[in-house]
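Reviewing the structure listed below.
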């Protein structure tokens, strides 16, 4: 059940699912990619902001814990992001994380805002 997504940048991402539901387990699940996108987006923001503050981290990590609905479609009800960095004053890290979430992270804003969908089926 493998699928390949190709973005506007031309880069491809392989997606798959578990063997028990018809996949080969050869790539991350689409929902994992959604969380990777959230973590990557905010991490890039935070790193950029910290560099502008002239306090680039030696290491930066974003951990995301989620709470999912129990029934299908098992959507994500809540996400908690934990930022860890070394070599950065805690106040700067807090400010950078806050700015990312409130102002800059397109993925976070897309997930928390009103997102409308349209569907078209063609042969």
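In the working numbering, the protein residues as written are 14 to 136.
Just so it is clear, CB atoms sit at the ideal spot from N, CA and C, and this is done for glycine as well.
Source: prediction; values computed, not measured.
Integer-rounded CB distance, given that residue j should sit under 8 Å from residue i
{"i": "residue 88", "j": "residue 75", "result": "Not a contact, Cβ separation roughly 21 Å."}
{"i": "residue 113", "j": "residue 58", "result": "4 Å"}
{"i": "residue 184", "j": "residue 105", "result": "Because the chain is modelled from 14 through 136, residue 184 falls outside the range shown and cannot be assessed."}
{"i": "residue 68", "j": "residue 102", "result": "6 Å"}
Distance, residue j Cα to residue i Cα
{"i": "residue 84", "j": "residue 100", "result": "42 Å"}
{"i": "residue 70", "j": "residue 98", "result": "6 Å"}
{"i": "residue 107", "j": "residue 61", "result": "14 Å"}
{"i": "residue 55", "j": "residue 41", "result": "20 Å"}
{"i": "residue 110", "j": "residue 91", "result": "17 Å"}
{"i": "residue 48", "j": "residue 93", "result": "11 Å"}
{"i": "residue 4", "j": "residue 134", "result": "Look at the range of the chain in this structure, 14 to 136, and you will see that residue 4 is not part of it."}
{"i": "residue 30", "j": "residue 18", "result": "14 Å"}
{"i": "residue 16", "j": "residue 72", "result": "33 Å"}
{"i": "residue 21", "j": "residue 117", "result": "20 Å"}
{"i": "residue 119", "j": "residue 127", "result": "13 Å"}
{"i": "residue 53", "j": "residue 130", "result": "24 Å"}
Nonlocal neighbours in the same chain, by C-beta distance under 7 Å from residue i, ignoring five residues either side
{"i": "residue 46", "result": "26 and 28"}
{"i": "residue 44", "result": "none"}
Beta-carbon contacts of residue i that lie in its chain and below 8 Å, excluding the five residues immediately before and after
{"i": "residue 34", "result": "14"}
{"i": "residue 86", "result": "none"}
Residues of its chain near residue i, where Cβ-Cβ distance is below 6 Å and the 5 sequence neighbours each way are ignored
{"i": "residue 66", "result": "105"}
**Prompt:** At what residue ranges does the segment 78-133 contain a whole run of the beta strand (DSSP E), taking only runs of 3 or more?
**Reply:** 89-99
**Request:** Let me know the beta strand (DSSP E) ranges lying completely inside the segment 21-89, each 3 residues or longer, listed in chain order.
**Result:** 25-28 and 72-81
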